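Position one of the sequence shown corresponds to residue 1 (the UniProt record's numbering), numbered consecutively onward. We treat Cβ as the ideally placed atom computed from N, Cα and C, and that holds for glycine. Bear in mind the structure is a predicted one, so any value in this text is a computation, not a measurement. To keep things clear, I will list the structure first and then write my remarks on it.
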Amino acid sequence: MATDAAPPFFFESLTVLAATVASVPIARKLGLGSVVGYLAAGLVIGPYGFDFIRSAVEIRSVAELGVVLLLFVIGLELEPARLWRMKGDIFGLGTSQVLLCGVALVAAALLGGLSLEVALIAGFGLALSSTAFALQILQERGQLTTSYGQRAFGILLLQDMAIVPLLAMIPVLSPRGEEARGADIALELGITVAAVAGVVLVGRYLLTPLFSLLARARAREVMLAAALLVALGSGGIMHAVGLSMALGAFLAGVMLSESSFRHTLEADIEPFRSLLMGLFFISVGMSLDLPVVFAQWWVVLAGVAATMVLKGVLIWGLSRLFGSSNSDALRIAVTLPQGGEFAFVLFTAAAVAGIFGGDLLTLLIAVVVVSMLLTPVACLAHDMLARRLQRRGVVTGIIETFGDAMPTVLVVGFGRFGMMVSQMLTSEGVEVIALDNRPERVAYARKLGYRVYVGDATRPDVLEAAGAGRAVLVALCIENDKVMGQAIELIRARFPQAKLFCRATDRVHALELTRLGVDYHIRETFESSVHFGRAALAQLGIPSDRIAEIEEDVRLRDRERMELQMQGGPMAGADTLHRVTPRRGGDAGQAPSETPPEEQR
Numbered sequence: 001m002a003t004d005a006a007p008p009f010f011f012e013s014l015t016v017l018a019a020t021v022a023s024v025p026i027a028r029k030l031g032l033g034s035v036v037g038y039l040a041a042g043l044v045i046g047p048y049g050f051d052f053i054r055s056a057v058e059i060r061s062v063a064e065l066g067v068v069l070l071l072f073v074i075g076l077e078l079e080p081a082r083l084w085r086m087k088g089d090i091f092g093l094g095t096s097q098v099l100l101c102g103v104a105l106v107a108a109a110l111l112g113g114l115s116l117e118v119a120l121i122a123g124f125g126l127a128l129s130s131t132a133f134a135l136q137i138l139q140e141r142g143q144l145t146t147s148y149g150q151r152a153f154g155i156l157l158l159q160d161m162a163i164v165p166l167l168a169m170i171p172v173l174s175p176r177g178e179e180a181r182g183a184d185i186a187l188e189l190g191i192t193v194a195a196v197a198g199v200v201l202v203g204r205y206l207l208t209p210l211f212s213l214l215a216r217a218r219a220r221e222v223m224l225a226a227a228l229l230v231a232l233g234s235g236g237i238m239h240a241v242g243l244s245m246a247l248g249a250f251l252a253g254v255m256l257s258e259s260s261f262r263h264t265l266e267a268d269i270e271p272f273r274s275l276l277m278g279l280f281f282i283s284v285g286m287s288l289d290l291p292v293v294f295a296q297w298w299v300v301l302a303g304v305a306a307t308m309v310l311k312g313v314l315i316w317g318l319s320r321l322f323g324s325s326n327s328d329a330l331r332i333a334v335t336l337p338q339g340g341e342f343a344f345v346l347f348t349a350a351a352v353a354g355i356f357g358g359d360l361l362t363l364l365i366a367v368v369v370v371s372m373l374l375t376p377v378a379c380l381a382h383d384m385l386a387r388r389l390q391r392r393g394v395v396t397g398i399i400e401t402f403g404d405a406m407p408t409v410l411v412v413g414f415g416r417f418g419m420m421v422s423q424m425l426t427s428e429g430v431e432v433i434a435l436d437n438r439p440e441r442v443a444y445a446r447k448l449g450y451r452v453y454v455g456d457a458t459r460p461d462v463l464e465a466a467g468a469g470r471a472v473l474v475a476l477c478i479e480n481d482k483v484m485g486q487a488i489e490l491i492r493a494r495f496p497q498a499k500l501f502c503r504a505t506d507r508v509h510a511l512e513l514t515r516l517g518v519d520y521h522i523r524e525t526f527e528s529s530v531h532f533g534r535a536a537l538a539q540l541g542i543p544s545d546r547i548a549e550i551e552e553d554v555r556l557r558d559r560e561r562m563e564l565q566m567q568g569g570p571m572a573g574a575d576t577l578h579r580v581t582p583r584r585g586g587d588a589g590q591a592p593s594e595t596p597p598e599e600q601r
């Protein structure tokens, strides 16, 4: 029986899916993370493994869209005001990292016998870290929202922007450099600034009305198509002017971060992002030229060692200089020592321009890929060493030390809410220890005499060191709903003796906490709103017994509505919101008092 030929890339797709299903669970079981699993899958099925798939370039061109969608989703979670607060990390720490690491690696390349032109491209290319690798590792570990995660993210953002001047260097350094004119470079920079401004303006003034219009159609697939169009379209605009596609998608995400659609868009895009990110890592694994690595292993090893050690040491030092604690600086250093995906672009462009040949290009790409492979291993080694030293009682800067922490209550999150909770507890003499991931907030609280430490609530070793294993109650006063969910899961699994009291940021979050079955939760504005309403009614001349009656009824209706919403969704019980509270007993049906407020008081 005759059969039609298989569709294009059918066999390749099956191979990639099978390799993913086989390798990623094993890597995660070993504690190496999914990134190593994807890389291993790429090595096995690629042209230098079993040769099931011969070209990594075609796959990577599609897979790079995963990096674009990743930055779009991160942008959705990062409001403009918060991004502005990160300007010191982006332009201060980020610029310092690129310049210092670049100069150090250029010097190392010159010592290795390379010419100045080649050393400049190689050194500054290797100074850029992998946005895809670093963010995936931080997201898997739930560390992207921590102080060190945000600082690492700021560095990566600046690196994404740094690719423009680095690419502009190539015509100048090329043997045909006389063809490059300063006016042309200035024009390119002007076009770049205009493109960024255009994306920001369109995102700010057009995207929210567009998504409001599409939402009325109640067609989820249209919203999804629009989200993909915005992410990829803004990335395409940046790519057209020589910038990173990921940077354009990130800017579009930031512009939508204050809209009411951000969570819907994030949920819709997530499956595409995850799949394409995995494909990207597989393509990187396929790019590792094993014959070259084995034939010139000492050159590759020297390049990898120089890149990771120099970058790690300098990033640690700069992070400390910019105010990070020793433990945070170490985590940033082990997250960002690798070469990045933009090195592929820069090195290939340099080879095309005649700055160096194909053999050196192959070696440099091997250095980048091997450094990527070793990054998850370095993170794992850091965590294992930190835990071992902590168990032995060695005082080390690798993780925060809390002395003999034996709290009755562990407060996680020390903003206005957490500080007031602590004040109530300490007023009774209760032993309280608090964690917060913002060093400046911790420094302020310590000046007030509170026992507060810099720490990440999603790390079991930090919670253990802070005394969670002996705490009777853990008060989660965190402002980030996602981080709170991760902390609840961790505390339930590792410290089941502790009661979980949680701050709910809003009604939807309160419903989620109810589903999770925490021991107690309260909406952060509920009680203050009720007291505000009492004061307003009193000012309007309503008698105090009637106000108490109204408050009791409002609280009862709120509880009933919460129960209805648990079953029927956010809009359930909406009809109870505007009901007038009936008067009790003989007061039923009486009109409100007409006595002036001054006489009633």
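Top-ranked residue by Cα proximity to residue i, from the options
i	options	result
G75	L490, F356, A246, L564	A246
S34	S23, G42, A329	S23
A134	A107, S115, I155	I155
A475	V462, Y450, D461, L425	L425
F10	L144, D545, I53	I53
V412	S427, R451, A386	R451
A331	I137, Q423, V472	Correcting the residue type first, residue 331 is Arg in the shown sequence and not Ala. Nearest C-alpha to R331: I137.
A466	L473, Y453, V309	Y453
V370	L39, W84, A538	L39
V172	L120, V430, L380	L120
D553	L448, F532, R523, R584	R584
G418	L100, M384, E524	E524
L279	I522, E479, E12, C101	E12
V196	L318, I163, G235	G235
Cβ-based burial, residue i [other Cβ within 10 Å; buried from 16]
i	result
W316	buried
D436	buried
residue 608	Only positions 1 to 601 of the chain appear in this structure, which leaves residue 608 out of reach.
A548	exposed
P271	exposed
K311	buried
F72	buried
T20	buried
Q497	exposed
G568	exposed
A252	buried
R459	buried
I26	exposed
M238	buried
F414	buried
E464	buried
F211	buried
V395	Annotation note: pLDDT 42 at V395 (below 50); position unreliable, no value reported.
Strand pairing of residue i, partner residues [DSSP]
i	result
residue 602	A query on residue 602 cannot be resolved here, the shown segment of the chain reaching from 1 to 601 and no further.
V411	A434, A475
V454	D436
CA-to-CA distance, residue j to residue i, given in whole angstroms
i	j	result
F281	L373	10 Å
A226	G233	10 Å
T581	I542	13 Å
V483	E117	46 Å
P47	M161	32 Å
A536	Y148	44 Å
L314	A108	14 Å
G339	L364	10 Å
V106	G112	10 Å
L336	T375	8 Å
L14	Y444	56 Å
H382	V368	21 Å
G66	T514	34 Å
E551	A378	57 Å
R170	F347	Note that residue 170 is Ile in the sequence shown, not Arg. The alpha-carbon atoms of I170 and F347 are separated by roughly 10 Å.
R85	R151	11 Å
T131	A510	34 Å
D456	Q486	11 Å
R492	A468	11 Å
F250	A240	16 Å
R559	Q565	10 Å
D404	I433	In this prediction, D404 scores a pLDDT of 44, lower than 50, which makes its location untrustworthy; the coordinate-derived value is nonetheless stated afterwards. Computed Cα separation, rounded: 11 Å.
Review point. Using 8 Å as the Cβ pair cut-off and three pairs as the minimum, do the segment 281-291 and the segment 346-356 touch?
Key: Segment contact: the segment 281-291 against the segment 346-356, fewer than three CB-CB distances shorter than 8 Å; contact not assigned.
Review point. Counting pairs of Cβ atoms below 8 Å between the segment 123-135 and the segment 339-351, do you hit three or more?
Key: Contact between the segment 123-135 and the segment 339-351 is present, because at least three Cβ pairs lie under 8 Å.
Practice item. Inspect the CB distances between the segment 188-204 and the segment 248-256 and report whether three or more fall short of 8 Å. Key: Yes: at least three Cβ pairs fall under 8 Å.
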